[in-house]
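Here the working numbering is used: the first residue of the sequence shown is 577, the next is one more, and so on.
Please read the structure below before turning to the comments.
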Amino acid sequence: MAHPKHAQVRQRYNYRCGYCGVSEVDTGGELTIDHFQPVSAGGDDRDDNLVYACIRCNQYKSNFFPSPNDLAHGWQVLHPRRDEISAYVREDQQTGALISLTESGRFHMALLQLNRPALVEHRVSQRLAALTAAKQRLLETENAQLRATSAAQETYIARLRQLLGF
Ligand SMILES: [Zn+2]
Numbered sequence: 577m578a579h580p581k582h583a584q585v586r587q588r589y590n591y592r593c594g595y596c597g598v599s600e601v602d603t604g605g606e607l608t609i610d611h612f613q614p615v616s617a618g619g620d621d622r623d624d625n626l627v628y629a630c631i632r633c634n635q636y637k638s639n640f641f642p643s644p645n646d647l648a649h650g651w652q653v654l655h656p657r658r659d660e661i662s663a664y665v666r667e668d669q670q671t672g673a674l675i676s677l678t679e680s681g682r683f684h685m686a687l688l689q690l691n692r693p694a695l696v697e698h699r700v701s702q703r704l705a706a707l708t709a710a711k712q713r714l715l716e717t718e719n720a721q722l723r724a725t726s727a728a729q730e731t732y733i734a735r736l737r738q739l740l741g742f
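Laid out in structure tokens, this is it:
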């Protein structure tokens, strides 16, 4: 049965996995609700504790919740809305792989397996699609400019013809 706040969480996360970013469209179906602090570790249904997550990320995260010892080492899962993820992890634009910037970033990436091959491939194809779209916009702008130039030239030629009488 769906979580009572399923629709709300879905919307809050814009239909994407809070951990890896894949969308419902990418995965071909609705995602799941993850308790950031697992119920088994005392987590509840407060909005802040509910993360929209794909099945993979949810499975990999499982019931992990850091012990004080884990936290002392920086071993934690980053919260998609509370933590500034870009301070911990960045994407290599060439390869689509994530690179950790801190120990917490490394742990977060390893636990959630954020460099799983299908996900890396997905990031590359997303980037390619964005580049293709940008290139198309550029070509459209160029094309519009060429058309405007061509129209201006035609007007000019027509005027010359009038002046020269043919
Ligand atoms: Zn995910």
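C-beta: ideal position from N, C-alpha, C; glycine also.
Computed from a prediction, not measured in an experiment: that's the story for all the values here.
Self-check item: Residue ranges of each alpha helix (DSSP H) within the region 660-711, 4 or longer
Solution: 679-688
Quiz prompt | Top-ranked residue by Cα proximity to residue 663, from 738, 677 and 650 | solution = Walking along the sequence shown from the start, residue 663 turns up at place 87. Residue 677 is the option with its Cα nearest to residue 663.
Quiz item: Grouping DSSP H, G and I as helix and E and B as strand, with all else coil, what is residue 626?
Solution: Residue mapping note: residue 626 aligns to position 50 of the sequence shown, counting from 1. Reduced to three states, the DSSP call for residue 626 is strand.
Quiz item: Contact check, residue 683 vs residue 655 under 8 angstroms by CB: the rounded distance?
Solution: Sequence index remark: in the sequence shown, residue 683 carries index 107 (1-based). Sequence index remark: in the sequence shown, residue 655 carries index 79 (1-based). Not a contact, Cβ separation roughly 14 angstroms.
Quiz item: Taking the C-alpha atoms as reference points, what is the distance between residue 754 and residue 690?
Solution: Residue 754 is absent from the model: the chain starts at 577 and stops at 742.
Exercise. Please go through the same chain and pick out, in chain order, the residues whose beta-carbon is closer than 7 angstroms to the beta-carbon of residue 700, but skip the five residues on each side of it.
Key: The sequence position of residue 700 within the sequence shown is 124, counting from 1. For residue 700, where only same-chain residues beyond five positions count, the Cβ hits under 7 angstroms are 672.
Quiz item: Per DSSP, residue 602 forms a beta bridge with which residues?
Solution: Sequence index remark: in the sequence shown, residue 602 carries index 26 (1-based). Beta-bridge pairing links residue 602 to no other residue.
Quiz item: Is it the case that the Cβ atoms of residue 623 and residue 587 are separated by a distance below 9 angstroms?
Solution: In the sequence shown, residue 623 corresponds to position 47, counting from 1. In the sequence shown, residue 587 corresponds to position 11, counting from 1. No, the pair does not count as a contact, with Cβ atoms beyond the cut-off.
Practice problem: Kindly provide the chain-ordered list of residues whose Cβ lies closer than 6 angstroms to any non-hydrogen atom of ligand 1. | Solution: 593, 595, 596, 598, 629, 630, 632 and 633
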